[in-house]
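Visitor: Dumping the structure here so I can ask a few things about it.
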Amino acid sequence: MKKLLSLIGAASVTAPAAASAVSCGEVAVLGKGPLSELTTDMVLKIKEKSIKGINDAIDASKKLASFQVDIEGDPALSSSDKGTVTLTPNIEWGFDLEGSAKVQWMYVQNLHDVIKVKNLGEFEKVDASVILSVLSTKNTNLDTNEIEVINITNKGATIQAKNNSEKYYGSAKVSFSVKEADTRVELSSVIKTTSLGELADNQSTTILNAIANLNSALNTKEVTISNITSTSALINSKSNSKVYKGSVAVKFTVEESVEPPIELIKLEQHLKTTNLGEISKADENTILSAVKAKNSQVNTSEIEVSAINDTNATIKVKANSTVYEQGSIKITYSLASTPTPPEEKIDLKEHLKTTDLLGVGDSEPDTLLAKAETLNPDLIISELEVINIGENKADIKVKNDSEFYNPSTISVTFTISSALEDVISVRKLGEINDKDSETILNRVAIKNQALQKAEVEVINITDSSATIKAKDNSIIYKGSVEVTFSIFVEQEVDKDEKDITKLIQRTMLADDLITLPTNPGSVWGLVIKANANTLNELKLEHVIISDINENGAIIKGDELKWPNYKGTVEVSWSKNKDAEDGENDLGNLGEELNSNANFNIRWKEVVESRTKAWEKNELGEQDKYESLEHFIWMDVNGGVMSTVQSVFRTTMLKILGLYDIPEVVLDPNFIKYQVDWDTNLWETVVENEIELKDQEFEIDCFGLEGSWLKGKTAIKIVLNS
């Protein structure tokens, strides 16, 4: 039989008073008459598939109380989310009921629990249909036909179950941002003079100054320079620029007295693949093109070829190189069968069919021809040249003396690949669980959130390092970088150990978090998952968790209460690029709290019984109170607040995502000692002229000073007569 809760803690409970009791915040109403009439058109929406779920739904129907009936049938035994149960009068409490009734039930879920991903990202525009579409994509199990969107702002909205929903109840808040309108102008409309003339050197500052002198409207703080050669450079709008977009190529010449860079690099740092495979012929241009195709970082304008024969040659750094130290490398290759010129020349389009060259290391002619040959194996690049090179397109033209192709020109497109060393700037990964490639790559991506994991691979894995390399078919990356790490090794713990530094061994608690922990309960949930085998008897109540921020927290033993637990541990976690903070501000939680909790208090029977006692002068203390109403309110106050606090605690645990952490759920003080209440109900009654009948009013709940729960909210209380 359902346990009955009295509104007055110390008072005895009679059967009528029991009818005003609540279970999980629901009011129980005594039913009277034939069950078939009381349950006409009744469909029980149950929040858990169990007899308890049926009981709660019966109480919520406000037609009868669950303790008045016996239930035949158990939803827990059904494989379906819909079914029926049979209700018959309970022999002890169902004396006012007659007959029996078969009642339908359907299982509904808390919408807050169903919507796992609540950060929807960035929208071009925001309306209910867009929100529902993205919400469905990010939460594939969600049925959008059962929900609706309300309270839409530019930062978020509330998703609530429809009144007639057969699947859900409650609501959940989602967040997003709205993309600002793009007011940037094309850089090409500002940099109109692209021939800079002769410059003192090809340093970025010199180039920028020359561009600014010739294009006075340019704001040089909004641009960057890349692909600098001895005769050209690419001017790019900064990735975060709110002024410009796009890129512009500029050309110049450099005075002969160009100073070389202070630091030169060894040629082998760029030229690592020395076997070029099969090439069409053994001449300098063909060999350099093949070198570039196999080694995208090589600057072919800084090297030359010597000692050429049919199987090998020597790549030598030019005497005036401003990039490489003096030196040479021997490369090998094999010659393809020399194609015989056809009797009739063919059209270039027969061999050059793939014109999107995808990712290339730079826009040098040799690089573009080598990539075109890779994508079009029949192409004879010795018969071709590249002209009209732009930001991401160029023209491949048949040479005037070609013996193979008819005169023609075909446009090709390409993307300049970024060097991985520029993308992966954080290379010390810290402690990881193991050294498999997926774990390493995930940590690299977390530390460097601009990285696109699908474009790279992990090679050369050791116990402390690995190499992150651009995939051969990557469009956007080139090169490789080395990353370092240490591997976590769990140590055996003595069963009597109390040193927190030995019990919490894994201090990097989680990677790629979508919702960041912002209170001790959520932090402890991560501790349990990461250190399940070593905690021994350590519980949340034994420690103090402080300094919680987006990257970690500090955990130390609460030595005042538990002298045996000593030590301090600093724990950390990493966040997903779309991560959002957990909400701890009561002001922001108020709407969700009131929509998911039922603060209905039934008080008619209590008022009637206490009124009779007052009128019969059975108390002997009437002179202590201003009136009958004052007496009743002061008497009921304790019972009302007891119920409110219980419902508040349960609902807050669910909203904060702590309901699956047993230690937190079983600790009655975890929420209780974080808040206080404005509980002067009598003043509220007088001020609002509340009578002893159905009334709705508010009481304030606020976070205590020093608590992790902040702010203040109004709890809506309903007193039912």
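For the sequence shown, the residue numbers in the numbering used here are 26 to 746.
Just so it is clear, CB atoms sit at the ideal spot from N, CA and C, and this is done for glycine as well.
By Cβ distance, which residues of its chain are closer than 6 Å to SER748, with the 5 residues on each side in sequence left out?
Guide: What the structure shows of the chain is the stretch from 26 to 746, and residue 748 is not part of that stretch, so it cannot be assessed.
Visitor: Roughly how many angstroms separate the alpha carbons of ALA274 and ILE553, rounded to a whole number?
Guide: The alpha-carbon atoms of ALA274 and ILE553 are separated by roughly 56 Å.
Visitor: Quick one, which of SER196, LEU400, VAL700 and SER214 has its alpha-carbon nearest GLU173's?
Guide: Taking only the C-alpha atoms, the option nearest GLU173 is SER196.
Visitor: Evaluate ASP81 with the Cβ neighbour count: other Cβ atoms within 10 Å of its Cβ, from every protein chain shown; 16 or more gives buried, anything less gives exposed.
Guide: When all chains shown are included, ASP81 counts as buried.
Visitor: Buried or exposed for ASN556, please, with buried defined as at least 16 other CB atoms from any protein chain shown within 10 angstroms of its CB.
Guide: Buried, by the Cβ-count rule.
Visitor: So the candidates are ASN485, THR559, GLY577 and ALA475; which of them puts its Cα closest to the Cα of VAL514?
Guide: Residue THR559 is the option with its Cα nearest to VAL514.
Visitor: Entirely within the segment 222 to 286 and at least 3 residues each: give me those beta strand (DSSP E) ranges in chain order.
Guide: 248 to 251, 257 to 262 and 272 to 279, all fully within the segment 222 to 286.
Visitor: Quick one: measure Cβ to Cβ for VAL469 and LEU454, integer angstroms, because I've assumed they're closer than 8 Å.
Guide: Right, their Cβ atoms sit about 7 Å apart.
Visitor: Between the alpha carbons of ALA182 and THR162, how many angstroms are there, rounded?
Guide: Distance between the alpha carbons of ALA182 and THR162: 17 Å.
Visitor: Do you know whose CA, among ILE740, GLU389 and ASN401, lies nearest GLU410's CA?
Guide: Considering only alpha carbons, the answer is GLU389.
Visitor: Do three or more CB pairs link the segment 208 to 225 to the segment 233 to 242 at distances below 8 Å?
Guide: As far as the Cβ criterion goes, the segment 208 to 225 touches the segment 233 to 242, which means the pair count is three or higher.
Visitor: Taking the runs of the beta strand (DSSP E) that are 3 residues or longer, which of them lie wholly in the segment 663 to 698?
Guide: If we require 3 residues or more, the segment 663 to 698 turns out to have no beta strand (DSSP E) run fully inside it.
Visitor: DSSP three-state call for GLY455: helix, strand or coil?
Guide: GLY455 falls in the strand class under three-state DSSP.
Visitor: Which of the three DSSP states is assigned to GLU205 in this structure?
Guide: GLU205 falls in the coil class under three-state DSSP.
Visitor: Could you check what DSSP says for LYS127 in three-state terms: helix, strand or coil?
Guide: Of the three classes helix, strand and coil, the one that applies to LYS127 here is strand, per DSSP.
Visitor: Output the distance between the C-alpha atoms of GLU584 and TRP733, rounded to the nearest integer angstrom.
Guide: Rounded to whole angstroms, GLU584 to TRP733 spans 21 Å at the Cα level.
Visitor: How close, in whole Å, do the beta carbons of ASN544 and LEU681 come, if the pair is a contact with beta carbons under 8 Å?
Guide: Confirmed, about 7 Å.
Visitor: Is the beta carbon of VAL139 sitting closer than 8 Å to the one on TYR193?
Guide: A contact, by the Cβ cut-off of 8 Å.
Visitor: Would you kindly work out how many angstroms separate the C-alpha atoms of LYS5 and LEU466, rounded to a whole number?
Guide: Residue 5 cannot be examined here, being either before or after the span of the chain that is shown, 26 to 746.
Visitor: Leaving out five residues on either side along the sequence, give the residues of the same chain with a beta carbon under 7 Å from the beta carbon of LYS520.
Guide: Once the five neighbours on either side are set aside, the close Cβ partners of LYS520 are ASN561.
Visitor: Which same chain residues end up closer than 8 Å to ASN164 when comparing Cβ atoms and leaving out the 5 residues on each side of it in sequence?
Guide: VAL139, ILE140, LYS141 and VAL142, listed in sequence order.
Visitor: For my contact list, SER125 and LEU112 are in at a C-beta cut-off of 8 Å; report their separation, rounded to the angstrom.
Guide: 6 Å between Cβ atoms; contact.
Visitor: Quick check: what's the CA-CA separation for LEU9 versus LYS600?
Guide: Residue 9 lies beyond the stretch modelled for the chain, which goes from 26 to 746, so this question has no answer here.
Visitor: Tell me which residues share the same chain as VAL159 and place their Cβ nearer than 8 Å to its Cβ, disregarding the 5 neighbours each side in the sequence.
Guide: If we look at VAL159 and ignore the five residues flanking it on each side, its Cβ neighbours are LEU145, GLY146, PHE148 and PHE201.
Visitor: Three-state secondary structure (DSSP) at TRP587?
Guide: Correct three-state label for TRP587: coil.
Visitor: If you reduce the DSSP assignment to three classes, tell me which class SER442 lands in.
Guide: Residue state, collapsed to three classes: coil.
Visitor: Should THR820 be labelled buried (16 or more other beta-carbon atoms within 10 Å of its own) or exposed?
Guide: What is shown of the chain runs 26 to 746, which leaves residue 820 out entirely.
Visitor: Can you tell me where the alpha helix (DSSP H) with ASP391 in it begins and where it stops?
Guide: Run containing ASP391: 390 to 400, per the alpha helix (DSSP H) assignment.
Visitor: Any idea what DSSP makes of THR299, helix, strand or coil?
Guide: Note: THR299 maps to coil in three-state DSSP.
Visitor: According to the neighbour-count rule (16 or more other Cβ atoms, all chains shown, within 10 Å of its Cβ), is ALA315 buried or exposed?
Guide: Buried is the call here.
Visitor: Please say whether SER490 and GLU463 have beta carbons closer to each other than 8 Å?
Guide: No.
Visitor: What's the gap between the Cα of SER427 and the Cα of LYS317?
Guide: Distance between the alpha carbons of SER427 and LYS317 is about 23 Å.
Visitor: Taking ALA315 as part of the alpha helix (DSSP H), name the residues at either end of that continuous run.
Guide: Counting along the chain, the alpha helix (DSSP H) containing ALA315 begins and ends at 309 to 319.
Visitor: Could you give the first and the last residue of the continuous beta strand (DSSP E) run that contains SER158?
Guide: Unbroken run through SER158 is the alpha helix (DSSP H), 153 to 163; no beta strand (DSSP E).
Visitor: Excluding the 5 residues preceding and the 5 following GLN516 in the sequence, name in chain order all residues of the same chain whose CB lies nearer than 7 Å to its CB.
Guide: Result list for GLN516: GLN530, in chain order.
Visitor: What would DSSP say about GLY98, mapped onto helix, strand or coil?
Guide: Coil.
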